[in-house]
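S.K.: The numbering of the sequence shown is the working numbering, which starts it at 34 and goes up by one. Would you mind keeping the following structure in view while I ask a few things?
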Amino acid sequence: MHRIHQKQRVYLSSPTMHGDEQRFVQEAFDTNWVAPLGANVDGFEKEICAYTGSAAAAALTAGTAALHLAIKLAGVEQGDIVFCSDLTFSATVNPVSYEKGTQVLIDSERDTWNMDPNALKKAFQFYDGVKKPRPKAVVLVHLYGTPAKLADIMALCEEYNVPLIEDAAESLSATYRGKQTGTFGKYGV
């Protein structure tokens, strides 16, 4: 048996910054636009709108902050049910807890590893608004750059009148039927 005597840190991903990134960061310091915002952030928001076809965008500190904002805008409060993709990072479901809601994890399907429309349908039938409260939102993750089965999922959200929040943090540039992920739901991150 081989023993390791020294603790070694293993990074998930090491930070890199070069070229334009360094130039933009230096420019922010040189022009004193570190806080509040400035031309770089305004420009980024406009460019992301043009790239994705979205009408509006707001740059936040992280995807988790954006998901939290979407959860708040969807009106999630204490005791509310939110359906969430089960194969995801904790940041996808944590904002539901911030608002004291309850996450109900929806199983993944084998083709895309994203939310299974059949499992979502069963969850909607169980949380029917009569015996069990209807969910306040559906948080759908497009995992590993692969779009979920949006047509089926959107049809269910429309049928049950529940807003769709798309977590497209892993799928920027991915398209579904010619349209960018993150632009189908009521809110896109």
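We treat Cβ as the ideally placed atom computed from N, Cα and C, and that holds for glycine.
1. If you measure from the CB of tyrosine 209, is any heavy atom of the ligand ATP nearer than 7 Å?
2. Taking 8 Å as the threshold, find out whether the segment 125–133 comes into contact with the segment 88–100 through three or more Cβ pairs.
3. Taking the DSSP output, what are the residues bridged to lysine 212?
4. Since aspartate 200 is in the beta strand (DSSP E), which residue starts that stretch and which ends it?
5. Under a Cβ-count criterion, where at least 16 other Cβ atoms within 10 Å of its own Cβ denotes burial, should alanine 72 be classed as buried or exposed?
6. Between which residues of its own chain and glycine 134 is the CB-CB distance below 8 Å, once the five residues before and five after are set aside?
7. Return the Cβ separation of alanine 152 and isoleucine 139 in integer angstroms, given the expectation that the two are a contact with Cβ distance under 8 Å.
M.R.: Concretely, from the data shown:
1. In the structure shown, the ligand ATP is absent, as is every other ligand, since no ligand is present at all.
2. yes
3. In DSSP, lysine 212 forms a bridge with Tyr209.
4. 197–200
5. exposed
6. Ile104, Val109, Glu110, Gln111, Gly112, Asp113, Ile114, Val115, Lys169
7. 5 Å
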